[in-house]
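*Asks:* Before we start, here is the structure in question, set down as structure tokens.
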Amino acid sequence: MTAAFTSQQFALVDVNNFYVSCERVFNPKLESVPVVVLSNNDGCAVARSNEVKALGVKMGTPWFQMQDLAKRHGIVAFSSNYTLYGDMSNRVLMILRDFSPEVEMYSIDECFLRLNGLSALWPTLNDLGQAIRCRIRQWTGLPICVGFASSKTMAKLANHVAKKHIDLNGVCDFTTMSENEISRLFSSLDVGEVWGVGRRIGERLHAMGIHTAQALRQASPKWLRAQFGVVMERTCDELNGISCLALEDVTPPRKQIICSRSFGELVTSLEELIEAVSTYITRAAEKLRHQQSVCGAVHVFIHTNQFRKQDEQYNNGIVVSLPEPTGDTRVLIAAALFGLRHIYRPGYKYKKAGVMLMELSNSKQRQSSIFDLRGAVSDRVGELMQTLDNLNREYGQDTITIGSAGVRSNWKMRCDNRTPRYTTRWNELPHAFAR
DNA sequence: TCTGGGGTCCTAGGACCC
DNA sequence: TCTGGGGTCCTAGGACCC
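So, in structure tokens, the structure goes:
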């Protein structure tokens, strides 16, 4: 298809400071209070309210490094509550589907919409944007911004502009701007703000004298390709309104599934690592079966804490191939523990372990090995796993587990200040009192 | 004391084959 | 002493994203 000759219209909808905003929905007293949400293990700030951003706290700042600042300014910190955020994210998605049949959930807090033809239903795209903001605010309590443009990369930038310029009231539409307005605006945007330009490439572009989005837009695509590869060439085209990135409204199944965690306390014993790895495999296998895949190889890794220079360091991982693809938690655990025993060395203080399910394929088109005479057996296994998943979904995670996942908890994450899972657990519903 | 987790894509280079 | 060339596949590493 010749994208260059087909005018497209995209919207990017992005929830402002998503995790923080979710917490505020259920605790309005947090409005205008500086709030951060911490990563797993209460390690780093992964979401910051505007008040916290104004204090100069960068994304990913370790929580222990901002203790002084937190005390001085009364920063409130929450452990992450992914159950809550995931559910709120789904609600936003459902609402957006009312506005366009073509919605791509790009990340937990961002959606692309394709609007071809739909914009005719609204006086202007700005009206559409305001309608979306209004309904999401009313139905979920979440604040969002909307960017409109003729390519996804530009829509991302339009959203960025909508967030920065208060007078735009949360909506920015590039599609009706003149070439002059676009040039002026893009000249004020650092090239690093462009989607696809990260730290490394940003530095190189600056060194080459390309400082703004406008300069990148005017660079030669062929030259960019020679310097940086095909991705940057596409980015340049996209900045010129030539849509190269299609809307992906059907999520393709994951090609790999990872589950890894840092430990709450340093771990030395094999037994504890076995518990942790068994637990991670259990989580990963649930995701695997949920997307109807089976897995052909398991990667296990362990490492020590790289920040503790005084400790002897050890990192290792191993890939264990399976004789035939499977979704059976028990087989996957056995493979992972086999690998773990291979790479485990006593005498180190381990900080993190993880597993990666690789070589995923569709469980419906599973290819049997020539030794597999057990079609009936694998059907039984499928039923067993299905039952396990159903019970755990119905009665809560880990109602039924595999024995090696264990009951010790030294290795479990710190998560000291997590709010209730207000929207997905009956016993954690928010209370409302009438006066 | 305390430093996240989960993904994708592209490219270069080596192994191997004919 | 002379010592090809082209294709494919795989992997590791690097870059990006949120």
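All residue numbers for the first sequence refer to the numbering used here, where the first residue is 228 and numbers rise by one.
Ideal placement from N, C-alpha and C gives every residue a C-beta, glycine not left out.
Predicted, not measured: the structure shown is a model, and the values here were computed from it.
#1: Report the start-end ranges of each alpha helix (DSSP H) in the region 380 to 450 that is 4 residues or longer and not cut off at the edges.
#2: In terms of residue numbering, what span does the beta strand (DSSP E) encompassing E460 cover?
#3: If you run the structure through DSSP and keep just helix, strand and coil, what is R341?
#4: Looking at the structure shown, is H530 part of a helix, part of a strand, or coil, going by DSSP?
#5: Does the distance between the C-beta of S405 and the nearest non-hydrogen atom of the ligand HEM fall short of 8 Å?
#6: With DSSP as the reference, label A281 as helix, strand or coil.
#7: By DSSP, does G574 sit in helix, in strand, or in coil?
#8: Taking the Cβ atom as the reference point for each residue, do M459 and L451 lie within a distance shorter than 9 Å?
#9: Let me confirm a value: P255 is counted as buried when at least 16 other C-beta atoms fall within 10 Å, else exposed. Which label applies?
#10: Quick one: residues in its chain with C-beta nearer than 6 Å to the C-beta of V608, no 5 flanking neighbours on either side, listed in chain order?
#11: Cα separation between S489 and I529?
#12: For Q235 and F401, I'd like the C-alpha separation in whole angstroms.
#13: What are the residues that DSSP puts in a beta bridge with I371?
#14: Which whole runs of the beta strand (DSSP E) in the region 533 to 562 are 3 residues long or more, in chain order?
#15: Rounded to whole angstroms, what's the CA-CA distance from T229 to Q483? Just pull it up for me.
#16: If you count every other CB in all the chains shown that lies within 10 Å of the CB of R251, and 16 or more means buried, which is it?
#17: Our contact map puts A503 next to L584 with C-beta atoms below 8 Å; I'd like the distance itself, whole angstroms only.
#18: Within 10 angstroms of its Cβ, does N396 collect 16 or more other Cβ (buried), or is it exposed?
#19: Could you check the C-alpha separation between P448 and T626 for me, to the nearest Å?
#20: Classify A281 as buried or exposed, calling it buried when 16 or more other Cβ atoms lie within 10 Å of its own Cβ.
#21: Please determine, among M612, E258 and F291, the residue with the shortest C-alpha to C-alpha distance to L369.
#22: Taking the CB atoms as reference points, tell me whether V525 and A563 lie closer together than 9 Å.
#23: Thinking just about the alpha-carbon of each residue, which of E430, P479 and T478 is nearest to the one in F455?
#24: DSSP three-state label for E655, please.
#25: Check the DSSP bridge columns for K591 and list the partner residues they point to.
#26: Taking only runs of the alpha helix (DSSP H) that begin and end inside the region 258 to 341, which ones reach a length of at least 4 residues, in chain order?
#27: When the Cα atoms are used, what is the spatial distance from R641 to P573?
#28: Using only the alpha-carbon positions, how far apart do Y541 and T509 sit?
#29: Is G581 helix, strand or coil when you go by DSSP?
#30: For A347, does the count of other Cβ atoms within 10 angstroms reach 16, so buried, or fall short, so exposed?
#31: Rounded C-beta distance between T403 and E465? I'm assuming under 8 Å.
#32: CB-CB under 6 Å to F253, same chain, minus the five flanking residues each way: which ones, in chain order?
#33: Can you name the start and end residues of the alpha helix (DSSP H) that S346 belongs to?
#34: Using only the alpha-carbon positions, how far apart do D476 and C338 sit?
#35: Run through the region 496 to 525 for me and flag every whole alpha helix (DSSP H) of 4 or more residues, listed as ranges in chain order.
*Replies:* In brief:
#1: 406 to 414, 426 to 434 and 440 to 445
#2: Run containing E460: none in the beta strand (DSSP E); it sits in the alpha helix (DSSP H), V457 to L466.
#3: strand
#4: strand
#5: With respect to small molecules bound, the structure shown includes none, and the ligand HEM cannot be examined in it.
#6: helix
#7: coil
#8: yes
#9: exposed
#10: D555
#11: 10 Å
#12: 12 Å
#13: V242
#14: 542 to 553
#15: Caution is warranted here: a pLDDT of 38 is assigned to T229, below 50, making its placement in the model unreliable, and no coordinate value can be reported.
#16: buried
#17: Rounded, the Cβ-Cβ distance is 16 Å, inconsistent with contact.
#18: exposed
#19: 55 Å
#20: exposed
#21: E258
#22: yes
#23: E430
#24: helix
#25: BP columns for K591 are empty, so no partner.
#26: 277 to 281, 294 to 300 and 309 to 326
#27: 24 Å
#28: 25 Å
#29: strand
#30: exposed
#31: Not a contact, Cβ separation roughly 19 Å.
#32: Y649 and P657
#33: Counting along the chain, S346 falls outside any alpha helix (DSSP H), and DSSP gives it neither H nor E.
#34: 10 Å
#35: 497 to 517
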